[in-house]
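Asks: Shown below is the structure under consideration.
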Amino acid sequence: MNQAIQIDHVCKRFRDVTALDHVAFSIANNEIFGLLGPNGAGKTTLMRILVGILTPDEGKIIFHSSDPRSWKQRIGYLPEERGLYQKMKVRHLLHYFAAIKGVDQKTRDAAIPQGLERVGLAGQENKKIQELSKGNQQRIQLLIALLHQPSILILDEPFTGLDPIGVDQMKTILMEEAARGAAVIISTHRMEDAEQLCRNIALIHRGRLIRSGSLEQIKASEGKDELIVKYQGDANAISTLPEISIVSDENQCLRLRLNNGIPIPEIVRKISSQLAVVEVIHAIPTLHDIFVRLVGAEVES
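Quick note on numbering: the sequence shown equals residues 0 to 300 in numbering that gives the first Met the number 0.
See below:
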């Protein structure tokens, strides 16, 4: 069975605030799934429900798996709020958390040195947590989530606080985990990360599901191409063309959204018949462009 998690019309309220409003979608094994939205969208609330920290007021979470372990033991979790026992040595901390997840002593003895090497911290096992940089502490927290080989890996804003090398290393590990067969769920407000890593996504804003599905399908249905046209003359001459919508017109530079499937060269010919065109740039919308357009200028601010 490829489906790992079904989120079935989940609602969560905190007094007068609706944090999640009938959110429903599914997540498959063997992929990195992106839970996307601005700060305060409800991503962390949903992740806390997935790992059992919170319970939904309505709806339910259904886990599908052939893994014989309990669903809580199948999950690896990297919370948004990082926190470790600062006085403990790295190896003691890792043994402690791996034991909680049911990993036996022999397996821990082999897995911990391998894991430290994997996250770039080989030879650091006898240091106290407080002696590590914040970025390296985050690597330890990631390793805690990985040591029991979870079939579901949930990471809340995993790239926050990492330097570029750390971000690349994190992305590599997430891709390896998905290739191993795990369902990897990341939350982020950084659309470029999701565009690089994710096959399927859910866009959330103010607790409501805006869109969900494959990144390719969402970009195809929502991502209208744009043209940037530098020109001379009066742009009002093209304002009645049905093939385009004028997004902006500043300093003799038009940003145009294409409204249908007419080939771009034909549209350029029509524009050129009305304006003295200096330069044309074909702008393919990014996921960030699509998300901002869907939820409005509030997200961009």
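Each residue gets a CB set at the ideal place from its N, CA and C atoms; glycine is no exception.
1) Does the Cβ of Pro-241 have 16 or more other Cβ atoms within 10 Å, making it buried, or fewer, making it exposed?
2) Got a sec, what are the start and stop residues for the beta strand (DSSP E) Arg-138 sits in?
3) Do Ile-128 and Leu-83 have their C-beta atoms within less than 7 Å of each other?
4) With DSSP run on the structure shown, which of helix, strand or coil describes Asn-199?
5) In whole angstroms, give me the CA-to-CA distance for Val-219 and Leu-202.
6) From the DSSP secondary-structure annotation, give me the bridge partner or partners of Tyr-230.
7) Within this structure, are the beta carbons of Leu-324 and Ala-97 separated by less than 7 Å?
8) Closest to Ile-245 by C-alpha separation, out of Ile-4, Ile-143, Gly-232, Leu-226, would be which residue?
9) Buried or exposed: which applies to Thr-187, given that a residue is buried once 16 or more other Cβ atoms fall within 10 Å of its Cβ?
10) Buried or exposed, going by whether 16 or more other CB atoms sit within 10 Å of the CB of Glu-30?
11) Looking only at its chain, what residues have a beta carbon closer than 8 Å to the beta carbon of Asn-38, apart from the 5 residues adjacent to it on each side?
12) Gln-85 to Gly-295, Cα distance in whole Å?
13) Taking Ser-69 as the reference, give the member of Thr-54, Glu-79, Val-50, Gln-2 with the closest Cα.
14) With distances taken between CB atoms, is the gap from Ala-27 to Gln-5 smaller than 7 Å?
15) Can you tell me which of the three DSSP states His-94 falls into?
16) Go ahead and pull the three-state DSSP assignment for Glu-297.
17) Could you tell me whether the region 103 to 122 touches the region 140 to 157, where touching means 3 or more Cβ pairs closer than 8 Å?
18) Considering just the uninterrupted stretch of the alpha helix (DSSP H) at Lys-170, what are its terminal residues?
Replies: Walking through what the data contain:
1) exposed
2) That residue, Arg-138, is in no beta strand (DSSP E); its alpha helix (DSSP H) goes 133 to 145.
3) A contact, by the Cβ cut-off of 7 Å.
4) Of the three classes helix, strand and coil, the one that applies to Asn-199 here is strand, per DSSP.
5) First, the residue type needs correcting, since residue 219 is Ala and not Val in the sequence shown. Each residue's alpha carbon lies about 15 Å from the other.
6) Val-276
7) Given that the chain is displayed from residue 0 to residue 300, the structure contains no residue 324 and the question cannot be resolved.
8) Of Ile-4, Ile-143, Gly-232, Leu-226, the residue nearest in Cα terms is Leu-226.
9) buried
10) buried
11) His-188
12) 42 Å
13) Val-50
14) Taking 7 Å as the Cβ cut-off, Ala-27 and Gln-5 do not qualify as a contacting pair.
15) helix
16) Low confidence applies to Glu-297: its pLDDT is 48, below 50, so where it sits in the model is not reliable enough to give any reading.
17) The region 103 to 122 vs the region 140 to 157: in contact.
18) 163 to 179
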